[in-house]
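Worksheet for the structure shown next.
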Amino acid sequence: MVLATTTKPVMGYVHSIETFGSVDGPGIRYVIFLQGCRMRCEFCHNPDTWNIGTGDEMTSDEILADAIKYRAFWGKRGGITCSGGESLLQIDFLIDLFTKAKAEGINTCLDTCGQPFTYKEPWFSKFKQLMAVTDVSLVDIKQIDTDRHKRLTGFNNETVLAMIQYMSDNGHHMWIRHVLVPERTDYDENLRDLGHYIKTLNNVDKVEILPYHTMGVVKYETLGIDYPLKGIEPPTHDRVVNAENLLQVEDYQGWRTR
Ligand code: SF4
């Protein structure tokens with residue numbers, strides 16, 4: 001008698017799905033927001049994604065079967081994006097999903113803050129496997145000053161910068177994003193340092209300033225969590241332009257061709 005063997009599928013813990021995302025990577029995208037994050041960014045507008053190991057359990061096949069329904073809208077540049085929460089906390093699921101997506105010729109985009117990055121094994125080999133099936137990564141640098149980064153997120157920025165350096169050294173394309181928060185990141189000296197740092201990197205297709213907003217406040221009230229940035233208003237248009245100039249965002253136009 002031959003016993004049938006079954007391989008247990010890798011489950012993803014999904015917070016939510018957006019079928020027509022236009023800001024999470026090139027073109028129109030199907031965006032999967034994965035559940036779980038260790039950071040505690042003071043400006044986070046999705047505190048409901050923080051808990052690890054909760055969310056809707058889904059397989060990569062279920063997600064791809066749904067995503068493919070929207071393929072006609074993606075054009076040449078669109079595809080799927082995995083965001084969060086911190087998507088890299090579910091690296092096995094990402095490898096499974098992106099490997100299958102690439103086999104279907106789908107453009108893949110990883111949105112990450114880089115906090116889980118490590119050269120320790122077996123994690124690092126998994127990361128290399130993931131990069132081999134990732135077309136572009138959206139990487140947030142919350143603060144270039146590590147002390148201010150720690151105050152802002154609860155972690156220093158070493159793992160984030162190590163991940164970015166690895167991507168830079170190994171031909172992996174990036175969009176770098178920076179949230180501009182008065183009294184937290186909107187300091188000329190930090191913006192200038194960040195601009196200089198980005199200039200040292202390879203494969204940066206786009207640099208974006210994301211102005212801080214207060215749309216997440218309601219979620220904090222619902223969850224009964226004190227809002228850490230009470231009284232801090234979004235940056236003025238002039239400060240956003242100032243940050244864009246200090247980061248020289250105009251110099252990064254590779255995304256127009258990707
Ligand atoms: S890394 Fe993203 S999801 Fe996590 S706390 Fe920061 S903003 Fe929120």
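The opening residue of the sequence shown carries number 1 in full-length UniProt numbering; numbering runs sequentially from there. Glycine included, C-beta positions come from ideal geometry on N, C-alpha and C. In this text the structure is predicted, and so the values were computed from the model without any measurement.
CA nearest to the CA of residue i, picked from the options
i: Cys-113; options: Lys-69, Leu-34 and Ile-63; result: Leu-34
i: Gly-25; options: Val-207, Trp-50, Gly-12 and Val-241; result: Val-207
i: Ile-209; options: Leu-246, Arg-77 and Asn-156; result: Leu-246
i: Gly-153; options: Asp-140, Leu-191, Asp-56 and Pro-234; result: The amino acid occupying residue 153 in the given sequence is Thr; Gly does not appear at that position. With distances taken between Cα atoms, Thr-153 lies closest to Asp-140.
i: Leu-201; options: Leu-229, Lys-230 and Asn-170; result: Asn-170
i: Ile-106; options: Val-133, Ala-162 and Gln-90; result: Val-133
i: Ala-243; options: Thr-185, Ile-225 and Gly-224; result: Thr-185
i: Phe-93; options: Asn-46, Asn-156 and Phe-127; result: Phe-127
i: Tyr-119; options: Ala-162, Gln-253 and Asn-203; result: Ala-162
i: His-173; options: Val-181, Glu-121 and Asp-111; result: Asp-111
i: Cys-37; options: Phe-117, Ile-232, Val-204 and Glu-18; result: Phe-117
i: Ile-80; options: Glu-121, Ile-32, Ile-95 and Ser-125; result: Ile-32
i: Asn-203; options: Val-218, Leu-138 and Leu-229; result: Leu-138
i: Glu-250; options: Asp-205, Ile-232, Tyr-187 and Cys-41; result: Asp-205
i: Thr-59; options: Val-14, Ile-225, Val-241 and Met-39; result: Val-14
i: Cys-41; options: Gly-78, Phe-155, Pro-122 and Val-160; result: Phe-155
i: Leu-89; options: Ile-63, His-45 and Met-39; result: Met-39
i: Val-240; options: Tyr-187, Leu-229 and Ile-225; result: Tyr-187
i: Ile-198; options: Thr-7, Gln-248 and Leu-180; result: Gln-248
i: Gly-78; options: Phe-20, Leu-180 and Val-160; result: Phe-20
Length of the line joining the Cα atoms of residue i and residue j
i: Met-215; j: Trp-175; result: 23 Å
i: His-178; j: Gln-115; result: 15 Å
i: Glu-158; j: Met-167; result: 14 Å
i: Ala-101; j: Thr-108; result: 7 Å
i: Gly-53; j: Ser-87; result: 12 Å
i: Tyr-220; j: Ala-103; result: 40 Å
i: Gly-85; j: Ala-65; result: 23 Å
i: Phe-98; j: Glu-189; result: 38 Å
i: Thr-257; j: Val-136; result: 13 Å
i: Ile-164; j: Pro-9; result: 30 Å
i: Gly-12; j: Glu-57; result: 6 Å
i: Ser-22; j: Lys-142; result: 22 Å
i: Asp-61; j: Ala-67; result: 10 Å
i: Ile-144; j: Asp-193; result: 7 Å
i: Pro-47; j: Tyr-252; result: 31 Å
i: His-196; j: Asn-51; result: 35 Å
i: Tyr-227; j: Tyr-70; result: 37 Å
i: Leu-223; j: Pro-182; result: 25 Å
i: His-237; j: Ile-91; result: 37 Å
i: Ile-17; j: Cys-82; result: 9 Å
i: Glu-233; j: Gly-254; result: 32 Å
i: Val-218; j: Leu-130; result: 35 Å
i: Leu-191; j: Pro-235; result: 14 Å
i: Ser-125; j: Gly-231; result: 44 Å
i: Trp-123; j: Ile-225; result: 32 Å
i: Ser-45; j: Gly-55; result: Residue identity differs from the one stated: residue 45 is His in this sequence, not Ser. In a straight line, the C-alpha of His-45 is about 17 Å away from that of Gly-55.
Residue i - partner residues in DSSP beta bridges
i: Lys-206; result: Trp-175
i: Ser-16; result: Phe-33
i: Thr-112; result: Val-139
i: Met-11; result: Thr-59
i: Thr-211; result: Note on residue identity: the sequence assigns Pro, not Thr, to residue 211. Per DSSP, Leu-180.
i: residue 264; result: This structure cannot speak to residue 264, because the chain is shown only from 1 to 258.
**Prompt:** If we count Cβ pairs, one from each stretch, closer than 8 Å, do we get three or more for the stretch 210–226 versus the stretch 148–163?
**Reply:** no
**Request:** Scan the stretch 118–204 and note each continuous beta strand (DSSP E) run of 3 residues or more that stays entirely inside, going in chain order.
**Result:** 136–140 and 174–180
**Prompt:** Going along the chain, which unbroken runs of the alpha helix (DSSP H) with 4 or more residues stay wholly within the stretch 39–110?
**Reply:** 60–67 and 91–103
**Prompt:** So does the stretch 68–81 actually touch the stretch 12–32, counting three or more Cβ pairs closer than 8 Å?
**Reply:** yes
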